[in-house]
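A.B. asks:
Residue numbers (the numbering used here): 1054 to 1375.
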């Protein structure tokens, strides 16, 4: 009532209830938090390994490669520094006079470069093949090809300034790796490959830069550019330029002179197999050395993981030595 003092001090009956509610909230948080933390860890591990166990060399492998993570500044990206994972083969540190060929690998979308080591387990594959003396050592270079995990760049030179992802790979990254590591510093000592969108990017970049990479590999890639306006704009000529199936005829002579070899495959249940088969026919007409084959499966990690040894050998056997 007006003019009457009101006591706003909590009553003694309310205090225990409030205290009990607070204690229950704390207890609930203490119970839920570990569960949420466990869920986050599970999802993080799943993102890294895609349900597979963490990669581990078998017991008979007595020497393993080493992994480094570096940053490469790229003028093509407006000076942006991109994360790059490098896998140095066993014995790299001990053989100071030896130069090594390099296998550049482009991830898919959405994706991260660590997938090549964690999910495809390509480092373990190299260690095993070298231990069995079935291959010669390669440096593996895996750049991050975007500004965010879920930001699509297509490994292409976009219409916007500072979006030169193709030039980042073909020029800036190659220069940085050659300057930092003991590489075979010629196109004959380089392979460029990738999975899914990365496979498309590898072939697209390789066609635009004949002689820069001796071997091009596409694991379930596509051969016609996605109609991504944020990347390619609306000019159909830009789309055609970035579509390997359409770009190949104009590049064929230069690719033959550079002795380029194209190695690629697709899953039998993958809709992209049609584009890949058409590209194989175009390579045959252009008299460009290549190997295309279909494998059981669709468009997934088990496919890329299961064919990792073949992919490594295809590069290792065709690159120049130091």
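Beta carbons: idealized from backbone N, C-alpha and C, even for Gly.
Everything numeric in this text was worked out from a predicted model, so none of it was measured.
For residue 1329, which three-state DSSP category applies?
C.D. replies: In the chain shown, counting from the first residue as 1, residue 1329 sits at position 276. Residue 1329 falls in the helix class under three-state DSSP.
A.B. asks: Give me whichever residues DSSP pairs with residue 1284 in a beta bridge.
C.D. replies: Looking up residue 1284 in the chain shown gives position 231. Per DSSP, none; premise fails for residue 1284.
A.B. asks: Assuming residue 1362 contacts residue 1182 under a Cβ cut-off of 8 Å, what Cβ separation, rounded to an integer in Å, is found between them?
C.D. replies: One-based indexing of the chain shown puts residue 1362 at position 309. One-based indexing of the chain shown puts residue 1182 at position 129. Going by Cβ atoms, the distance from residue 1362 to residue 1182 rounds to 7 Å, so yes, they are a contact pair.
A.B. asks: May I have the straight-line CA-CA distance separating residue 1262 from residue 1184, to the nearest angstrom?
C.D. replies: By 1-based counting over the chain shown, the position of residue 1262 is 209. By 1-based counting over the chain shown, the position of residue 1184 is 131. If you take the alpha carbons of residue 1262 and residue 1184, they lie about 34 Å apart.
A.B. asks: Nearest to residue 1223 by alpha carbon, out of 1335, 1234, 1358 and 1239?
C.D. replies: Here the question's residue 1223 lines up with position 170 in the chain shown. Of the listed residues, the one whose Cα sits closest to residue 1223 is 1239.
A.B. asks: Out of 1366, 1292 and 1275, state which residue places its alpha-carbon closest to the alpha-carbon of residue 1333.
C.D. replies: Within the chain shown, numbered from 1, the residue matching residue 1333 stands at position 280. Nearest of 1366, 1292 and 1275 to residue 1333, Cα basis: 1275.
A.B. asks: From residue 1268 to residue 1345, what distance separates their C-alpha atoms?
C.D. replies: Reading the chain shown from its first residue, position 215 is the one you call residue 1268. Reading the chain shown from its first residue, position 292 is the one you call residue 1345. Cα atoms of residue 1268 and residue 1345: separation of roughly 13 Å, rounded to the nearest angstrom.
A.B. asks: Would you call residue 1106 buried or exposed, if buried means 16 or more other Cβ atoms sit within 10 Å of its Cβ?
C.D. replies: Sequence index remark: in the chain shown, residue 1106 carries index 53 (1-based). Under this definition residue 1106 is an exposed residue.
A.B. asks: Go ahead and label residue 1156 buried or exposed: buried means 16 or more other beta carbons lie within 10 angstroms of its beta carbon, across all protein chains shown.
C.D. replies: The sequence position of residue 1156 within the chain shown is 103, counting from 1. Residue 1156 comes out buried.
A.B. asks: Just the Cα atoms here: how many angstroms apart are residue 1229 and residue 1131?
C.D. replies: Residue numbering aside, residue 1229 sits at position 176 when the chain shown is read from its first letter. Residue numbering aside, residue 1131 sits at position 78 when the chain shown is read from its first letter. Straight-line Cα distance between these residues: approximately 16 Å.
A.B. asks: So residue 1298 packs on residue 1321, CB below 8 Å; how close in whole Å?
C.D. replies: As a working mapping, residue 1298 is identified with position 245 in the chain shown. As a working mapping, residue 1321 is identified with position 268 in the chain shown. Wrong, their Cβ atoms sit about 20 Å apart, outside the cutoff.
A.B. asks: For residue 1316, report the span of its beta strand (DSSP E) as first-last.
C.D. replies: Walking along the chain shown from the start, residue 1316 turns up at place 263. Residue 1316 -> beta strand (DSSP E) spans 1314-1320.
A.B. asks: Suppose contacts are defined by Cβ-Cβ distances below 9 Å. Is residue 1190 in contact with residue 1145 by that definition?
C.D. replies: Locating residue 1190 in the chain shown gives position 137, where the first residue counts as 1. Locating residue 1145 in the chain shown gives position 92, where the first residue counts as 1. Yes, they are a contact pair.
A.B. asks: Helix or strand or just coil, what does DSSP make of residue 1307?
C.D. replies: Here residue 1307 corresponds to residue number 254 of the chain shown, with the count starting at 1. Correct three-state label for residue 1307: helix.
A.B. asks: In or out: residue 1139 buried (at least 16 other Cβ within 10 Å) or exposed?
C.D. replies: Translated into the one-based positions of the chain shown, residue 1139 becomes position 86. So residue 1139 ends up on the buried side.
A.B. asks: Just the C-alpha distance for residue 1251 and residue 1171, rounded to the nearest angstrom, thanks.
C.D. replies: Translated into the one-based positions of the chain shown, residue 1251 becomes position 198. Translated into the one-based positions of the chain shown, residue 1171 becomes position 118. The alpha-carbon atoms of residue 1251 and residue 1171 are separated by roughly 17 Å.
A.B. asks: I need the boundaries of the beta strand (DSSP E) containing residue 1216, first residue and last residue.
C.D. replies: Residue numbering aside, residue 1216 sits at position 163 when the chain shown is read from its first letter. It is not in any beta strand (DSSP E) - residue 1216 carries neither H nor E in the DSSP assignment.
A.B. asks: I need the DSSP call for residue 1095, collapsed to helix, strand or coil.
C.D. replies: In the chain shown, residue 1095 corresponds to position 42, counting from 1. Residue confidence for residue 1095 is low, a pLDDT of 41 falling below 50, so the modelled location carries little weight; the figure read from the coordinates is stated next. Helix.
A.B. asks: Could you spell out where the beta strand (DSSP E) holding residue 1126 opens and where it closes?
C.D. replies: Taking the chain shown and counting its residues from 1, the one referred to as residue 1126 is at position 73. Here the beta strand (DSSP E) through residue 1126 covers 1119-1127.
A.B. asks: Could you compute how far the alpha carbon of residue 1286 sits from the alpha carbon of residue 1355?
C.D. replies: Counting from one through the chain shown, the residue named residue 1286 turns up at place 233. Counting from one through the chain shown, the residue named residue 1355 turns up at place 302. Distance between the alpha carbons of residue 1286 and residue 1355: 34 Å.
A.B. asks: Where does residue 1271 fall in DSSP's three states?
C.D. replies: One-based indexing of the chain shown puts residue 1271 at position 218. Of the three classes helix, strand and coil, the one that applies to residue 1271 here is strand, per DSSP.
A.B. asks: Does chain B have any CB closer than 9 Å to the CB of residue 1275?
C.D. replies: Within the model displayed, chain B is absent; a lone protein chain is all it includes.
A.B. asks: Within 10 angstroms of the Cβ of residue 1225, are there 16 or more other Cβ atoms? Answer buried if so, exposed if not.
C.D. replies: Against the chain shown, residue 1225 aligns to sequence position 172. Around the beta carbon of residue 1225, a 10 Å sphere encloses 16 or more other beta carbons of the protein chains shown; the residue is thus reported as buried.
A.B. asks: Using C-beta distances below 7 Å, list every residue in its chain close to residue 1281, excluding the 5 sequence neighbours before and after it, in chain order.
C.D. replies: Locating residue 1281 in the chain shown gives position 228, where the first residue counts as 1. Contacts found: 1205 and 1207.
A.B. asks: Could you tell me the distance, in whole angstroms, from the CA atom of residue 1329 to the CA atom of residue 1162?
C.D. replies: For the purposes of this step, residue 1329 is taken as the residue at position 276 of the chain shown. For the purposes of this step, residue 1162 is taken as the residue at position 109 of the chain shown. Rounded to whole angstroms, residue 1329 to residue 1162 spans 19 Å at the Cα level.
A.B. asks: Does the distance from the CB of residue 1364 to the CB of residue 1246 come in under 9 Å?
C.D. replies: Reading the chain shown from its first residue, position 311 is the one you call residue 1364. Reading the chain shown from its first residue, position 193 is the one you call residue 1246. Yes, Cβ-Cβ distance for residue 1364 and residue 1246 is below 9 Å.
A.B. asks: Alpha carbon to alpha carbon, what distance is there between residue 1116 and residue 1300?
C.D. replies: In the chain shown, the residue the question calls residue 1300 occupies position 247. In the chain shown, the residue the question calls residue 1116 occupies position 63. If I take the Cα positions, the gap works out to 43 Å.
A.B. asks: Who are the near neighbours of residue 1340 in its chain, counting only those whose CB is closer than 7 Å to its CB and skipping five residues on each side?
C.D. replies: For the purposes of this step, residue 1340 is identified with residue 287 of the chain shown, where counting begins at 1. Leaving aside the five residues that flank residue 1340 on each side, the residues in its chain whose CB is nearer than 7 Å to its CB run, in chain order, 1309.
A.B. asks: List the endpoints of the continuous alpha helix (DSSP H) containing residue 1365.
C.D. replies: Numbered from 1 along the chain shown, position 312 holds the residue referred to as residue 1365. Looking at the DSSP string, the run of the alpha helix (DSSP H) that includes residue 1365 is 1361-1369.
A.B. asks: Straight-line CA distance for residue 1108 to residue 1187?
C.D. replies: Taking the first residue of the chain shown as 1, we reach residue 1108 at position 55. Taking the first residue of the chain shown as 1, we reach residue 1187 at position 134. Roughly 20 Å separates the two Cα atoms.
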